[in-house]
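Below is one structure; the comments refer to it alone.
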Amino acid sequence: MAWRDGKASGKRLLLFMGSIILGIAAVVAIQSFSKNLEENIGLQSKALMGADYIIDSNQLPTEKVQKIIDSLGSSGREVNFASMAAFQKNGLSKLVQVRGIEGGFPLYGALETIPVSAAEDYKSQNGALVDATLMLQYKLKPGDSVKVGALTFPIIGSVISAPGSSAISATVAPPVILPFEYIEATGLLQTGSRMKYNYYFKSEPTFDVEALDKAIDPILDAENADFDSHTSVSQRLGKRYDNFARFLNLVAFIALLLGCVGIASSVHIYIKEKLRGIAVLKCLGATRKQTFSIFLIQIAALGFIGGIIGTLVGIALQQAFPLFLKDFLPFSVQISISFQPIIMGLLLGIFMSVLFALFPLLSTWYVSPLEVLRVQDSNAPKSRKAAVVVLLSIMTFIFCFSFWLLKDWRYALAFVLGILVTFSILVGISLLFMKGIKKYFPSSWGFIARQSLLNLYRPNNQTMVLILAIGVGSFLISTLYFTKDILLAKATLEENMKSPNIILLDIQTNQKDEVAKTITPKGLPILDNIPIITMRMHSIKGRPVNDIRLDTTSTINQWILNHEFRVTYRDSMIASEKLASGTWKNDIPENGPIPISLADNVARDAQVIIGDTLMFNVQGVLMETKVASIRTVDWGRMQLNFSVVFPEGILEKAPQFHVITTNAPDEKASAQLQRELVTKFPNVSVIDLRQVLTVVQGILDKISWVINFMAFFSILTGIIVLIGSVRTSKYQRIKESVLLRTLGAKSSQILKITALEYLYLGLLGSGIGIFLSLISSQLLAWLVFDSPFIPSWVPFVILLPGITLLVLFIGLSNSRSVLNSPPLEVLRKES
Amino acid sequence: MTKILNVHNLGKTYTSGSKQLTVLDDISFDVEAGATFSIVGPSGSGKTTLLGLCAGLDDADTGTVELCGTVLETLSEDERALLRNKNIGFIFQDFQLLPTLTALENVSVPLELQGARDAAAVAKELLGKVGLAERIHHYPSQLSGGEQQRVALARAFSNKPRLLFADEPTGNLDEETGEKVIQLLLELNKEAGTTLVIVTHDLDLAQRTQQILRLKGGKILSNETTSI
């Protein structure tokens, strides 16, 4: 019976299967890709690191560390730091990541170069390997030369990929690989250089790296060095991508939920039309169970088929992900088919369609055989208790599935609540709007405008579902736009001569006047000349950091104990800082601790308050300080911020380097200045904030592209729901149109009524979605980013009309037969 | 008397799969302005098709229909709609009211399509005449079958039609309600001087019109004048 009945309604059922297909495809694609990513990270962890484990330090290894390195037998070493590189061929210069490499690095994986032999030749030919993208951008060829510090190297080849270099870091500072032995001679390893030494090790497969980590890590920590195994690196990497994948999973899940709302709505209409037939079956002796099962089987079969098709589409789709994400992944992902997402897709198909169809299906259970005798349609009957049980089951399922995705019940709960709130607000606002229209109906409007508005209330209308579908899609996409705006607004440079857009780093004390003399004759201002002194924490509240490290009960954040602080001194706060507690002090007591100011995150992580003492090791000299003030710092501002600030009059004599900032009015002036600085002061690194901003913008664009791609599924599902609903109400529309035509309406009048109806739907859905996203983005700006929010015009000028036109197009193209039906056809059906 | 409807050699054939089904064959008759005219016949005899062709709701395969002095075959779909809007009223068996509109709005539709400014006032007056003055703001779903047909009746007269087509106007009503509706229809018709063409099974109703056209199997059995 289920088959016979379903066969007759085949076409109508096919459409609402479309909604589940898209949702399942989105979830399966993301799940499969995440699974593949996880497996790839596991498989390639050694190649990613280039070794089984490394010991790294921000300074030359101490004697103790060197002994450990020697005893373990290092197979290769590297020193890396950011510096300027000058290309003599075209006179251009660029901030690069210099990597001095010695020994067999990489011990696993490969240094991929063009030509392939360059990976070895650069050592024997005393040359350099330069990032492939940089080579393209700067039109460089093997044989050209690159000047790093005091030395000039021939370029032997270009680096396509190297363990330890990620695509994102390469966009800011692309790698330049040199033989280790020449690094010293470049003259760049000076005070203030932020270098890092890596020692690479290879071990036997049976060797217990974790045990070694546990044994030597505390010793290394005490010597300002660190131990990293390939597994810990892959875990860290996995975690980073996991967060992104989880986010995409949730976006896909929203598409699936939207599809389910579409299913519930379509089944509701479908069942409503079947109620009379069900009552007839009951009159003929069919039991409740039998009639219920007929439709349950139909829906489950649809869900199963939808699950299969959706899973297949999802598997095909995941092949595209490595292309979208290649800029974020430090390795190429080999796509294979994993079974977990496939099984999940199939089960989800059946389970979600049945679950969301249950609510309308309940009507078949409670419909009375008496319905056969009634002329008028009555509302579908339901038991309140059963309805509550179904609703609770739906909420429980959403919670369980999101918990499975997020692995944290609080986040899952927040997600479920978020979904509930968003859906409720969308439904609530549209309900209010609809009620408002009814109450304050624009009676003065012309017939066409009024009739199209009234169509939103036609019997069996799906106005609410459509507004929900269009609204959620618009909400997702515009929220992404607005969030990008907030992030970019934080990174925006103020366009005036007083705001720095060029930062000069690593200036030695004896160079600072000369550097200033290079800048000012060009008419450029010296905006800041900031001294920087490096220091480490020695003790907190009288307790040595070595003791705290060994204390397993201590909750002081580890980074505080190991971090090399870059500290400055000045007499007042700057624009990006606000006093949170204490007072800013400039008076230095003759005896006793020096009053300093801490950023609030440092105070929190070090667990200190106003009046607590901190002892710093300033390059061998111990200096006792007292927390006099705590500041909140806007780290997002494109300027130099400091977590520890000393008063003037203490650190002036300490070994220090300087940061000078200036403002170049255009790129030409910036390039000219950079060229001159690199020639005169090879150790000085120049950061052009305009370039950094372009990079940040590029990265955000790429990320938002990926997110938009996922949000597109919601839109696509919305479209399917839209088509489904247009089809569902098609007969009603034909009746209305034909009636109007019979009464004398012209084709153009009917077309206008239909078009206006979809225009209202599109405007209402996308308008509410964008309005909601405006509110949520404002909240995000206040609560998360702590940043002002100036909404972009894109969602209003492009998204709103774009989505509205899309709805109009779909609506009209599906209503062609309505407009073309001869009046008599309908009259004949009726009689 | 002038002829308001002139049907000449009308034929209509439908194709169902490979089969041809002739619904109307060589139908010719005319109706004088102000007359009452009924079309009767068993189910499937082609009554509704004939009414639809007369009203320009579909195209005939052969023959011509001249309605209010205009040959329908020469008009486009929109021109026919305009002709209907200005000259024709309709009453259907199943009322055919727009569910999203109140009684008042339903009655106003033909006038609103013309762009008339007094649509609401005319509709109100007509609803008063059919005894629904108190229910003008009710939706079709809030009205009984008889009330819905009275709204349809008011709508049919709202554009002051020269010709009114009624397709089984009492088919969905009980005998008592049906009789009331017919009484009302004939009264309004008389008052407005409208030509009335009724399609019906009900021979008693047909006897109350001046002329009866009998159909069977798509052909005219008889076309006779009654004693009225």
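So the sequence lines, in the order shown, correspond to chains A and B.
Counting from 1 along the first sequence, just add 14 to a position and that's the residue number in the working numbering.
Counting from 1 along the second sequence, just add 5 to a position and that's the residue number in the working numbering.
C-beta atoms are modelled at their ideal positions from N, C-alpha and C, and glycine is treated no differently.
Model, not experiment: these values are computed from the prediction.
Straight across, the Cα-Cα distance linking B:Asp-172 with A:Leu-813 is about 49 angstroms.
Per DSSP, the continuous alpha helix (DSSP H) segment holding A:Val-404 begins and ends at 398-420. Residue pairing by DSSP puts B:Ser-227 in a beta bridge opposite B:Arg-219. Look at B:Gln-25 here: in three-state DSSP terms it is strand. Judged by DSSP secondary structure, A:Met-149 falls within the alpha helix (DSSP H) whose first and last residues are 146-151.
Relative to A:Leu-538, the option among A:Leu-490, A:Phe-437, A:Thr-676 and A:Tyr-425 whose CA is nearest is A:Thr-676. Assignment of B:Tyr-144 by DSSP, reduced to helix, strand and coil, places it in the coil class.
In the DSSP assignment, B:Asn-194 falls outside any beta strand (DSSP E) and within the unbroken alpha helix (DSSP H) covering 180-197. At a cut-off of 8 angstroms, the C-beta of B:Thr-69 has no neighbouring C-beta in chain A.
Listed along chain B, the residues sitting closer than 8 angstroms to A:Ala-759 by beta-carbon distance are Ala-86, Asn-90 and Leu-118. Residue burial annotation: A:Phe-267 is buried, with at least 16 other C-beta atoms found within 10 angstroms of its C-beta.
Within chain B, no C-beta atom comes less than 7 angstroms from the C-beta of A:Gln-348; the nearest is roughly 56 angstroms away.
Annotation for B:Thr-54: the continuous alpha helix (DSSP H) segment containing it runs 52-59.
Given a length threshold of 3 residues, the segment 101-154 of chain B has no whole run of the beta strand (DSSP E) inside it.
The criterion of a C-beta distance shorter than 8 angstroms is satisfied by B:Thr-200 and B:Ile-9.
For A:Asp-527, the three-state secondary structure derived from DSSP is helix. Residues Asn-72, Thr-548 and Arg-550 of the same chain have their beta carbon placed closer than 7 angstroms to that of A:Glu-578, with the five preceding and five following residues left out of the count. Near chain B, meaning a CB-to-CB distance below 7 angstroms, the residues of the segment 454-481 of chain A are Phe-461, Leu-468, Asn-469, Tyr-471, Arg-472 and Pro-473. Under a criterion of Cβ atoms nearer than 7 angstroms, the residues of chain A adjacent to B:Leu-106 are, in order, Leu-468.
Where A:Met-358 is concerned, the enclosing alpha helix (DSSP H) starts and stops at 353-380. Apart from sequence neighbours up to five positions away, the residues of its chain that approach A:Leu-773 with a beta-carbon distance below 7 angstroms are Thr-818 and Leu-822, ordered along the chain.
By the Cβ neighbour-count rule, B:Gly-46 is buried, with 16 or more other Cβ atoms within 10 Å of its own.
For a cut-off of 8 angstroms, the C-beta gap from A:Gln-670 to A:Pro-809 is around 48 angstroms, too long to register as a contact. Proximity of A:Thr-756 to chain B, defined by a Cβ-Cβ separation below 8 angstroms, is satisfied. Take A:Lys-536, set aside five residues on each side of it, and the residues of its chain with a beta-carbon closer than 8 angstroms to its own are Ala-683, Gln-686 and Leu-687, in chain order.
Using a Cβ distance threshold of 8 angstroms, A:Arg-645 and A:Ala-613 count as a contacting pair. Selection B:Lys-224, B:Lys-195, B:His-143 and B:Thr-230 evaluated against B:Gln-212 yields B:Thr-230 as nearest (Cα-Cα). Within 8 angstroms of the CB of B:Asp-83, the CB atoms of chain A belong to Lys-760, Ser-761 and Ser-762, in sequence order along the chain. In the three-state reduction of the DSSP assignment, A:Gly-117 falls in the strand class, which pools E and B.
The segment 110-118 of chain A makes contact with the segment 87-97 of chain A, as at least three CB pairs between them are under 8 angstroms. Under the 10 Å beta carbon count, A:Met-209 is surrounded by 16 or more other beta carbons and is classified as buried.
Short of 8 angstroms from the beta carbon of B:Cys-59, and not among the five residues preceding or following it, lie these beta carbons of its own chain, in chain order: Leu-10, Val-12, Val-70, Leu-72, Phe-170 and Val-202. Residues Lys-599, Lys-640, Ala-642 and Pro-661 of the same chain have their beta carbon placed closer than 7 angstroms to that of A:Pro-609, with the five preceding and five following residues left out of the count. From the beta-carbon of B:Pro-115, the residues of chain A found nearer than 7 angstroms are Leu-757 and Gly-758. Looking at the backbone, the Cα of A:Gly-291 and that of B:Gln-119 are separated by about 41 angstroms. Taking 8 angstroms as the cut-off, the beta carbon of B:Ser-50 is found no closer than this to the beta carbon of B:Leu-210.
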